[in-house]
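J.:
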Amino acid sequence: MFKILFFIVLSLSAVLAVPSNKRNPTIAPLIVSRDAEIVPDQYIVVLKKDVPKDRITTFSEDIPGMTHTYKMDGFHGFAGRFSEQMLDIIRQNNDVAFVEKDQQVQTSTVVVQPGAPWGLARISHRAHLNLSTFGQFAYDPISGENTTVYVLDTGINIKHTDFSGRARWGVTIPADEPNTDENGHGTHVAGTIAGLRFGVAKRTKVVAVKVFPASGTGPNSDVIKGIEWAVNDHKKTVAKAKRRGKVFKGSVINMSLGGGKSTALEAATNAVRAVKAIAVGSTTPEDSRSWFSNFGCCVAIWAPGSCIESDWIGSKTATMTLSGTSMATAHVSGLAAYFLTLSPTLLTPETLRTKLLTVATRNVLTDLKTCSPNRLAYNGIGF
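The sequence shown runs -17 to -1, 1 to 366 under mature numbering (1 follows the signal peptide of the UniProt record, and there is no 0).
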């Protein structure tokens, strides 16, 4: 069968470009990016294109704290560390087009993890895996940073070393159940999402939302309550990030559910405007449909789900190999967090879903049956 993945992405605020004094039409706007690490008291000043060169020189010579000047065709300005008083003076000058707060940037690096599970390798290569690529997972090392994935499952072994302290217990919905994963399924899924060794998004945080007991079976009413808890906790995270001026890119809800159609569950997810669902089917190392996977028009994307190694319960280093559409869904959940991190702007649930489907590798899968889209999850790394 296929599994359902939900996205929660509530925007903090993308780019603010509002003059500090709207009553003065000549004051230059101050641009502040909320998606970046701001350098305190450091600014980039961009001058208007029609400013005469002699005035550019005179202007820049009169500004204390300057560190750089820029003199290129079509781009003139300067940068430096300025006090609030000096910043006000700069912005009130009619030659200034705008001022932007300086921010930290970093090199874009691709890391290749050798000996990775085949599922990770597959989502980072367009072509079929071969002997040289089978265990090679290529990814951006910041993948998953400033994101959260809520795992609605049997719980998570949050002490597992593969999570490196990024896993926490959120809530236990079933009555009289312990705050531990006594089944292993939830831990396995979380490992594929966020594990250092087994995970797609190696910096994302995972939260255990226990909706199933040790048997792995529970009522839909508990699942709906788990969704409610995850949505509310996400809102708290967004509010906390706003108060502290921190970057937060968004959240993903991973739900690996098998069962009949539930009108109540559908109504619950539809009631949350910020949630968008995507159905995932499972594939094999040979790029064919897994024998246990459903198919049809309802499946939006496919991902590795057969013979997937990941984290397990029983110790801090336990591992297990499982097969299932739950494993495929976990790959896509990790990719969702991955793309949230890498996007220069905050993604809505709709644009995130579109990103996953647009970037996916096309027409490499076999035995998908009628109406199933031939799209295999891909992290866009370029291999």
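We put the beta carbon where it would ideally sit given N, CA and C, even for glycine.
Using a Cβ-Cβ cutoff of less than 7 Å, which residues in the same chain neighbour G48 once the five nearest sequence positions on both sides are dropped?
T.: G63, R64, F65 and M69
J.: Give the range of the beta strand (DSSP E) segment to which K229 is assigned.
T.: No beta strand (DSSP E) holds K229; DSSP gives it neither H nor E.
J.: Rounding to the nearest angstrom, what Cα-Cα distance links F278 and D350 in this structure?
T.: 10 Å
J.: In angstroms with no decimal places, state the Cα-to-Cα distance between V94 and F120.
T.: 8 Å
J.: In whole angstroms, what is the alpha-carbon distance linking T177 and E67?
T.: Residue 177 is actually Ala in this sequence, not Thr. Roughly 42 Å between the two C-alpha positions.
J.: Within a Cβ cutoff of 7 Å, which residues of the same chain sit near G288, ignoring the five residues on either side of it in sequence?
T.: S265, T266, S273, S276, S306, G307, T308, M310 and A311
J.: So what's D145 in DSSP terms, helix, strand or just coil?
T.: In the structure shown, D145 sits in a helix (DSSP, three-state: H, G or I).
J.: Got a sec, what are the start and stop residues for the alpha helix (DSSP H) P97 sits in?
T.: Element bounds for P97: n/a, residue is neither H nor E.
J.: For W285, which residues does DSSP report across the bridge?
T.: G264 and L359
J.: Could you check what DSSP says for K338 in three-state terms: helix, strand or coil?
T.: helix
J.: If we require 4 or more residues per run, which alpha helix (DSSP H) segments fall completely within the segment 70 to 141?
T.: Under the rule that a run must span 4 or more residues, the alpha helix (DSSP H) segments found entirely inside the segment 70 to 141 read 101 to 105.
J.: What does a CB cutoff of less than 8 Å around T92 pick up in its chain, not counting 5 residues either side in sequence?
T.: D123 and P124
J.: If you drop the 5 nearest sequence neighbours on each side, which residues of the same chain put their C-beta closer than 6 Å to that of Q25?
T.: R64 and D85
J.: Per DSSP, which one or two residues make a beta bridge with residue 429?
T.: This structure does not reach residue 429, given that the chain is present from -17 up to 366, and the question cannot be answered.
J.: For W152, which beta-bridge partners are listed by DSSP?
T.: A191
J.: Compute the distance between the beta-carbons of P157 and V194, then report whether it is under 9 Å.
T.: yes
J.: Tell me which same chain residues have a C-beta within less than 8 Å of the C-beta of T155, skipping the five on either side of it?
T.: G138, P161, N162 and K193
J.: Output the boundary residues of the beta strand (DSSP E) element that contains S16.
T.: L13 to S16 is the span of the beta strand (DSSP E), which, as asked, contains S16.
J.: To the nearest angstrom, report how far apart I296 and L339 are at their CA atoms.
T.: 30 Å
J.: Taking the alpha carbon of S316 as the point to measure from, which residue in H59, I284, A301 and T302 has its own alpha carbon closest?
T.: Measuring from the Cα of S316, the nearest candidate turns out to be I284.
J.: Name the two residues that bound the continuous beta strand (DSSP E) containing F61.
T.: F58 to R64
J.: Rounded to the nearest angstrom, what separates N77 and G60 at their Cα positions?
T.: Between N77 and G60, the C-alpha separation is close to 13 Å.
J.: Where does the unbroken alpha helix (DSSP H) through V315 begin, and where does it stop?
T.: T308 to L325
J.: DSSP three-state call for A329: helix, strand or coil?
T.: Here residue 329 is Leu; the residue named in the question, Ala, does not match the sequence. Residue state, collapsed to three classes: coil.
J.: For the beta strand (DSSP E) containing P23, list its first residue and its last residue.
T.: E20 to L30
J.: Based on the DSSP secondary-structure assignment, which residues constitute the bridge partners of D350?
T.: Residue pairing for D350: DSSP places it in no beta bridge.
J.: For the putative contact between T302 and T144, defined by C-beta atoms under 8 Å, what is the C-beta separation to the nearest angstrom?
T.: Rounded, the Cβ-Cβ distance is 11 Å, inconsistent with contact.
J.: Got a sec? Which residues, its chain only, sit under 7 Å from R186 by beta carbon, not counting five neighbours each side?
T.: The answer, listed in chain order, is I125, S126, G127 and E128.
J.: Can you grab the Cα-Cα spacing for the pair K259 / H171, in whole Å?
T.: As the crow flies, the alpha-carbon of K259 is around 24 Å from that of H171.
J.: Taking the alpha-carbon positions, what's the V29 to G102 distance?
T.: 47 Å
J.: Counting only the same chain and skipping the five closest in sequence on each side, list residues whose C-beta sits under 6 Å from that of R109.
T.: Cβ within range, chain order: T344.
J.: Ends of the beta strand (DSSP E) at T304?
T.: T302 to L305
J.: Which residues does DSSP list as the beta-bridge partners of I51?
T.: The residue asked about is misnamed: residue 51 is His in this sequence, not Ile. When beta bridges are read from the DSSP output, H51 appears opposite A62.
J.: Measuring alpha carbon to alpha carbon, tell me which residue in E44, L13 and F117 is nearest residue 423.
T.: The structure shown does not extend to residue 423, since the chain spans only -17 to 366, so no value can be given for it.
J.: Short of 7 Å in beta carbon distance, which residues of its chain neighbour A247, apart from the five on each side in sequence? Order them along the chain.
T.: N203 and I207
J.: Would you kindly work out how many angstroms separate the C-alpha atoms of E83 and G182, rounded to a whole number?
T.: Cα to Cα, E83 sits roughly 36 Å from G182.
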